[in-house]
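Trainee: Before I ask anything, let me first share the structure, which is written out below as structure tokens.
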Amino acid sequence: MAALNVTLLLLLTFGFNSILRSSANQTPVAFTFKEYQYKDSPKNEMTFREFETACEQSGACNHMSGLLKTRCVRECVSPSCYKELYQNDPLEEGEIDVRLISFKGCFIQRSGRTRN
């Protein structure tokens, strides 16, 4: 039993080290997306939140939860902005959404709302 534990420990240790080495040798890939300016104002936040709430409660998205609901709501809020910013690289579980500010900027710009 002790020999099995040592063998298992060695496999885990060397396997993990080779994974670290192989990932360390990979060249980082820059994540790029179209950026839209967004002024974080009460008017803009209220407008975005109104659309977001309506989409959350819509028949298309209200039965979903978690990441699927987030994706559904974003696409509902602005299909064209969603397509441009998320369609080719959808949000993944645990991902920090660095595109949200650009999405809001795109939404405000395309909705014709003021930026004040």
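Throughout the sequence shown, residue numbering follows mature numbering (1 follows the signal peptide of the UniProt record, and there is no 0), covering -24 to -1, 1 to 92 in sequence.
By construction, the Cβ of each residue, glycine as well, lies at the ideal position given by its N, Cα and C atoms.
(1) Consult DSSP for tyrosine 27 and reduce its assignment to one of helix, strand or coil.
(2) Assuming threonine 23 contacts isoleucine 84 (C-beta within less than 8 Å), just tell me the rounded distance between them.
(3) Starting from cysteine 57, trace the alpha helix (DSSP H) both ways and give me its first and last residue.
(4) Proline 4 to lysine 45, Cα distance in whole Å?
(5) Going by CA-CA distance only, name the one from Ala30, Ser34 and Arg86 that's closest to cysteine 57.
(6) In three-state terms, what does DSSP make of serine 87?
(7) Are the Cβ atoms of valine 53 and cysteine 37 separated by less than 8 Å?
(8) Measure the CB-CB distance between lysine 10 and glutamate 60 and report whether it falls below 8 Å.
(9) For phenylalanine 79, collect the residues of the same chain with a Cβ closer than 7 Å to its Cβ; drop the 5 residues on either side in sequence, then sort them by chain order.
Mentor: By the coordinates alone:
(1) The sequence given here has phenylalanine at residue 27, not tyrosine. Note: phenylalanine 27 maps to helix in three-state DSSP.
(2) 7 Å
(3) 55 to 61
(4) 30 Å
(5) Arg86
(6) helix
(7) no
(8) yes
(9) Arg50, Cys57 and Leu61
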